[in-house]
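Here the structure is laid out as structure tokens; the discussion comes afterwards.
Numbering (our numbering), first residue to last: 15 to 125.
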């Protein structure tokens, strides 16, 4: 199941009931990053993907070509984003950061 408008994303009822607060924090982080991406590059598509119960990710694409996968992990020190770019390519790299602006800067390499 995928959802394309970050402003409408909400935590699925059965997402991970035992981690409800983490679910809300994780989703809010993914929403804020996706909204920032779309503000910078309105031609891109950010789709929330409910991979399986307990796991969320955002697929970033343009013209049906998948460019990146984005994850958010809630830790004691706050949210850590994971960005995989360019996804499914031999030169794919994994990046971790806490600030949305860092992710935007990393995405400039592939957009």
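For each residue, glycine too, the CB sits at the ideal point set by N, CA and C.
This one's a predicted model, so the numbers in the text were calculated from it and none came from an experiment.
Boundaries (first-last residue) of the beta strand (DSSP E) holding residue i
| i | result |
| --- | --- |
| residue 116 | Element bounds for residue 116: not the beta strand (DSSP E) but the alpha helix (DSSP H), 114-121. |
| residue 87 | 79-89 |
| residue 107 | 107-111 |
| residue 21 | Segment: none, residue 21 is in no beta strand (DSSP E) and carries neither H nor E. |
| residue 72 | 69-76 |
CB of residue i within 7 angstroms of CB of residue j, strictly
| i | j | result |
| --- | --- | --- |
| residue 89 | residue 71 | no |
| residue 94 | residue 112 | yes |
| residue 44 | residue 86 | yes |
| residue 58 | residue 76 | yes |
Where residue i sits in the DSSP three-state scheme
| i | result |
| --- | --- |
| residue 46 | helix |
| residue 58 | coil |
| residue 101 | coil |
Inter-residue Cα distance where the pair is residue i and residue j
| i | j | result |
| --- | --- | --- |
| residue 118 | residue 92 | 19 angstroms |
| residue 12 | residue 104 | Residue 12 is absent from the structure shown; the chain starts at 15 and stops at 125. |
| residue 55 | residue 47 | 12 angstroms |
| residue 107 | residue 23 | 27 angstroms |
| residue 38 | residue 79 | 29 angstroms |
| residue 26 | residue 69 | 11 angstroms |
| residue 20 | residue 50 | 10 angstroms |
| residue 120 | residue 102 | 17 angstroms |
| residue 15 | residue 65 | Only weak support is given to the placement of residue 15: the predicted model assigns it a pLDDT of 42, under 50, and the question is left unresolved by the model. |
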